[in-house]
Each structure stands twice: as structure tokens, then as C-alpha cells.
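Worksheet for the structure shown next.
In my numbering, the protein residues as written are 1256 to 1385.
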């Protein structure tokens, strides 16, 4: 009889513990987790805009089905899916004067292999050939 009560108490405590774990997650945490997971699998269209903080000018922006990460050499790594099995990787050096913003621009249906990289022509220095 004592074993039966111990098992019942253990089961009840386990149920309370598990239900407490599920109640600890807010909707925002679940949504954030799901959006991060979608981005890691190239399921949402995003735009990365890189700014020069000293001049307040846009250096470049990349849009498409992309995943971003930082590496150990202070670079932003942007990987874009350009077709079913084709990917492009871009590196943006980050320093005290560069910053970036990532936007989720999904919400409307578009080409799943849409990929664009734009450089601001005012930032690229002119070159003279002599």
C-alpha cells in the first residue's frame, strides 16, 4: 500500500513539474524560437542593412532568404539561398563605425530564390587609371 502511494505522489509531482515547465514559456518566447528556426532553414525572407555610423550612410544591404551569424574574426556572415541547392556567402567586417540591422520582410509571397546585394555607390571610392 505504501508503494502505491509513493508511486502516485511521484506521478503527481512529475505532472506538476512538466506542466510548470510548459507554463514558463511565454508566447513571445515560442514565437521568437520559431522565427529563429525558420531563418536557420531559409524559410523567411529578410533584409540586412549595413550602416557606416560615422557618415550615417548605408554601405550595403542584402535581401533574400538568408541566415546570419558572427564569426570569431569580427565579421558578420550572411548566407543566402539563391536556388534549390545553391547558396552564396558574404562577409561584412564589423568595427566601431559599422552597424547592421536585420529586418524580416516576409509576409508576402515572393520568389523563394530571390537574392539581391546593393552597394551604395557614394561609399565606393572612385579609381583613376593612369
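Positions of the beta carbon are idealized from the N, C-alpha and C atoms, including for glycine.
Nearest-angstrom Cβ-Cβ length linking residue i and residue j, presumed shorter than 8 angstroms
i: residue 1299; j: residue 1290; result: 7 angstroms
i: residue 1316; j: residue 1305; result: 7 angstroms
Own chain partners of residue i with C-beta closer than 7 angstroms, once the 5 adjacent residues on each side are dropped
i: residue 1322; result: 1294, 1295, 1297 and 1334
i: residue 1360; result: 1300, 1301, 1302 and 1318
Spatial neighbours of residue i in its chain, beta-carbon cut-off 8 angstroms, leaving aside the 5 residues before and after
i: residue 1363; result: With a pLDDT of 46 at residue 1363, under the threshold of 50, the modelled position of this residue cannot be trusted, and the question is left open.
i: residue 1340; result: none
Cα-Cα separation, residue i to residue j
i: residue 1268; j: residue 1262; result: 10 angstroms
i: residue 1328; j: residue 1314; result: 20 angstroms
i: residue 1320; j: residue 1264; result: 50 angstroms
i: residue 1352; j: residue 1383; result: 27 angstroms
i: residue 1258; j: residue 1266; result: 12 angstroms
i: residue 1302; j: residue 1354; result: 14 angstroms
i: residue 1350; j: residue 1309; result: 11 angstroms
i: residue 1212; j: residue 1270; result: Outside the shown range of the chain, which is 1256 to 1385, sits residue 1212, and nothing can be said about it.
i: residue 1358; j: residue 1326; result: 20 angstroms
i: residue 1282; j: residue 1288; result: 10 angstroms
For residue i: DSSP bridge partner residues
i: residue 1402; result: Nothing in the structure corresponds to residue 1402, since the chain is present only between 1256 and 1385.
i: residue 1219; result: The structure shown has nothing for residue 1219, since the chain only spans 1256 to 1385.
i: residue 1284; result: Its beta-bridge partners do not exist; DSSP assigns none.
i: residue 1461; result: Since the displayed the chain opens at 1256 and closes at 1385, residue 1461 lies outside it and no answer follows.
i: residue 1372; result: 1317
i: residue 1305; result: 1315 and 1355
Spatial neighbours of residue i in its chain, beta-carbon cut-off 6 angstroms, leaving aside the 5 residues before and after
i: residue 1347; result: 1305 and 1331
i: residue 1324; result: 1332
i: residue 1372; result: 1317
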